[in-house]
Amino acid sequence: MTQLEVNRRAPDWGTLNVGETRIPLRLVVGVVGGLLWLLVMVVQTGGEAFTALTTNLLYLLPLILLGTLTRTVSLRILLMLFLTGAFLMGVMLVAGIFLAPLGDQASGLFGPLLEEILKIAPVVYLLWRWRARETWWLGATDVLLMAAVSGAGFGLVEDAHIRAKFGWPDQISWLPVTEIIGGRVIPGHAIWTTIAGAGIGLALMLRHLRPAAIALAVGGFAWAALDHVTNNMGTLEILGTLSIVVLIVGVAAAIGIDYYVLARPRPSVPEFSTPPSSATGMEAFATRWSFAAGRRALAYALWRFANASDAERGGLEPAVDGAARSLIERHLATAAAAPSAAPVSGV
Amino acid sequence: MPAVTTAARRIVTWRLVAALVAVGVAVASMGLLDILLQLVATADVLGFRYAPTTVCDNPVSLGCLLSDGGAAGAGAAAAAAAARRNDQPGAAPHRAADTPAGYNPPARQTGFEAVNDPTFQAQQDQYTRDHPDTRPTVPQPGLADQVANNFWGSVRTYYGRQQ
């Protein structure tokens, strides 16, 4: 487990020891809880649950693959957000009971708005919770992926139930998570939340351009909500198709700005590099990955620090310092433990 | 299970396969972009140089990710040592330990500008000759603090502003 992951976890609940592996108990509780919810869905919807799982994974996996070289967020956190999104669909079902008396307005206006808020809420909560340090280690790709998995978890459950009840509509063939009904492209929960996440992610990278950042953060969510509402109301069919374009632009912009930030020169010390290690195979890859992710986190924090005003820099120092020290301390510890631990500052 | 089979046939279309291949190509092209940036680093193209901070220290390099930790052989070590001495094209000239004392960069100087600043380059080269790397070869108490302080010194130099 990397230092970044350790720092991103809340105070410990204890661990479950399996052999030499220590599994955090809160992770076990979270995963088991999430899987129970998914199990109920499988029982209720049968094979359609697996179909919905497939379509959503076929959307998420390429997206995660595309973000491989720019993301810092771990797959563990993405899994937790996926399960949280699935759980929030249950919250929406309960909320729907209270919205039912509103009639058409419930499914047309308040329902979609509430759904979009629920899907992005876990991401916003984490960004707020991590506001002292970890949020500033995230790239736009990270926020986009976090939103995408939350939306996909939510959409997975809804897709399974809708498809079990109404069958399979048409779809965009290269994007099977979508639906096409009556000529309108319905992007679906995963894509809508990805658009909202892209807006927030880009806004966090461009926080020094205050008006543009606010416009991006609000605009991404507003677009997703607008398409969702008009879809449920059966108007403005063109928005569904445009959402696919917005998605592609959003993904490209998020990865593009992260790539730009990572490619820029910046202050460094040799201790940021991956130290020599006797590890082999997956363990060696995990070490390299953890240092690469750590350097990205530092680069994102430094980018924000460099562009911040003097008044704001004080607030960003813990993020820069935390990312730098995490790399330095792990480098020194790993290099010291290596058999040929001669130059501690070497690669 | 027939429903699952039917659904699977609908999902796995040639367009989906093509899209997945496109994703693979896109990821691979990021590796190619990294190689291009490395070439630019040695060619001084269009008036600026891309300056990777150390050898295989690029966080977006798939090649580095897959090879640097395992390539702790003599070649990589020598390259790293060369990068530390800053006598390698493209090596970053802005580490705190190598920053000439008294050099005051212009306010809001960006990375590319710093690399191209001839005054900084000259002072950098002289400072590197006068101060060979004398880091201890065994970790010592407080070393992490020392390195972190050096880094912060470099940050202040790099992103400093005229008051």
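Chains as they are written, first to last, in my numbering: chain Z, 1 to 347; chain L, 1001 to 1163. Even for Gly, the Cβ is constructed at its ideal location relative to N, Cα and C. Keep in mind the model is a prediction, meaning the values are calculated, not measured.
Residue from Z:Pro112, Z:Thr70, Z:Gly34, Z:Gly46 whose Cα sits closest to the Cα of Z:Thr230: In the first sequence, counting from the first residue as 1, residue 230 of chain Z sits at position 230. It is Z:Pro112 whose Cα lies nearest to the Cα of Z:Thr230.
Of the residues Z:Gly322, Z:Thr51, Z:His331, Z:Arg26, the one placed nearest Z:Trp168, counting alpha carbons only: Locating residue 168 of chain Z in the first sequence gives position 168, where the first residue counts as 1. For Z:Trp168, the nearest C-alpha among the options comes from Z:Thr51.
Proximity below 8 Å, CB of Z:Leu302 to CB of Z:Arg266: Numbered from 1 along the first sequence, position 302 holds the residue referred to as residue 302 of chain Z. Numbered from 1 along the first sequence, position 266 holds the residue referred to as residue 266 of chain Z. Closer than 8 Å, so yes.
Exposure label - Z:Ile97; buried when at least 16 CB within 10 Å: For this step, residue 97 of chain Z is matched to residue 97 along the first sequence. Z:Ile97 should be labelled exposed.
Where Z:Leu16 falls: helix, strand or coil (DSSP): As a working mapping, residue 16 of chain Z is identified with position 16 in the first sequence. It is a strand residue.
Buried or exposed by the 16-neighbour rule on C-beta atoms within 10 Å, applied to Z:Asn17: Within the first sequence, residue 17 of chain Z is the residue found at index 17, counting from 1. Exposed.
Residue from Z:Pro270, Z:Ala299, Z:Val143 with nearest C-alpha to Z:Ile64: As a working note, residue 64 of chain Z is residue 64 in the first sequence. Residue Z:Val143 is the option with its Cα nearest to Z:Ile64.
Cβ contact check for the stretch 212-223 of chain Z and the stretch 264-281 of chain Z: 3 or more pairs under 8 Å: no
Reduced DSSP category for Z:Val73 - H, G, I as helix; E, B as strand; rest coil: For the purposes of this step, residue 73 of chain Z is taken as the residue at position 73 of the first sequence. The answer is coil: DSSP assigns Z:Val73 none of H, G, I, E or B.
Beta-carbon proximity of Z:Asp258 to Z:Gly240, cut-off 8 Å: Here residue 258 of chain Z refers to the residue found at position 258 when the first sequence is read from its first residue. Here residue 240 of chain Z refers to the residue found at position 240 when the first sequence is read from its first residue. Result no, Cβ atoms of Z:Asp258 and Z:Gly240 do not sit closer than 8 Å.
Any C-beta of chain L under 8 Å from that of Z:Arg207: By one-based count along the first sequence, residue 207 of chain Z stands at place 207. No, Z:Arg207 lies away from the interface with chain L (no Cβ there is under 8 Å from its Cβ).
Residue from Z:Trp174, Z:Met233, Z:Asp170, Z:Val246 with nearest C-alpha to Z:Leu192: Position 192 of the first sequence, counted from the first residue, corresponds to residue 192 of chain Z. Note on residue identity: the sequence assigns Trp, not Leu, to residue 192 of chain Z. Nearest C-alpha to Z:Trp192: Z:Val246.
Beta-carbon neighbours of Z:Thr348, restricted to chain L and to distances below 8 Å: Here chain Z covers residues 1 to 347 and nothing more, so residue 348 of chain Z does not appear.
Opening and closing residue of the alpha helix (DSSP H) in which Z:Pro62 lies: Stepping through the first sequence from its first residue, residue 62 of chain Z is reached at position 62. Note, Z:Pro62: alpha helix (DSSP H), 47-66.
Short CB-CB distance (under 8 Å) between L:Ser1154 and chain Z: As a position in the second sequence, residue 1154 of chain L is number 154, starting the count at 1. Yes, L:Ser1154 counts as interfacial toward chain Z.
Buried versus exposed call for Z:Trp136 [16 or more other C-beta atoms within 10 Å across all chains shown]: Here the question's residue 136 of chain Z lines up with position 136 in the first sequence. Classification for Z:Trp136: buried.
Test item: CB-CB of Z:Gly199 and Z:Ala148 under 8 Å: On the first sequence, position 199 is the one that residue 199 of chain Z refers to. On the first sequence, position 148 is the one that residue 148 of chain Z refers to. No, they are not a contact pair.
Where the alpha helix (DSSP H) through Z:Pro211 begins and ends: In the first sequence, residue 211 of chain Z corresponds to position 211, counting from 1. Where Z:Pro211 is concerned, the enclosing alpha helix (DSSP H) stretches over 210-233.
Cβ-Cβ distance between Z:Phe292 and Z:Arg133 below 8 Å: For the purposes of this step, residue 292 of chain Z is identified with residue 292 of the first sequence, where counting begins at 1. For the purposes of this step, residue 133 of chain Z is identified with residue 133 of the first sequence, where counting begins at 1. For clarity, residue 292 of chain Z is Ala in the given sequence; the question names Phe instead. No, the Cβ-Cβ distance between Z:Ala292 and Z:Arg133 is not below 8 Å.
Coil, strand or helix - Z:Glu115 by DSSP: Along the first sequence, read from residue 1 onward, the residue named residue 115 of chain Z stands at position 115. Here Z:Glu115 sits in helix by DSSP.
Cutoff 7 Å; reference Z:Thr84; Cβ partners in own chain excluding five residues on either side: Here residue 84 of chain Z refers to the residue found at position 84 of the first sequence. Excluding positions up to five away in sequence, the list reads Pro122, Ser150, Gly153.
Boundaries (first-last residue) of the alpha helix (DSSP H) holding Z:Glu283: For the purposes of this step, residue 283 of chain Z is taken as the residue at position 283 of the first sequence. That run of the alpha helix (DSSP H) goes 281-307.
Minimum C-alpha distance to L:Val1027 - residue among Z:Thr68, Z:Thr21, Z:Ile180: Here the question's residue 1027 of chain L lines up with position 27 in the second sequence. Of Z:Thr68, Z:Thr21, Z:Ile180, the residue nearest in Cα terms is Z:Thr68.
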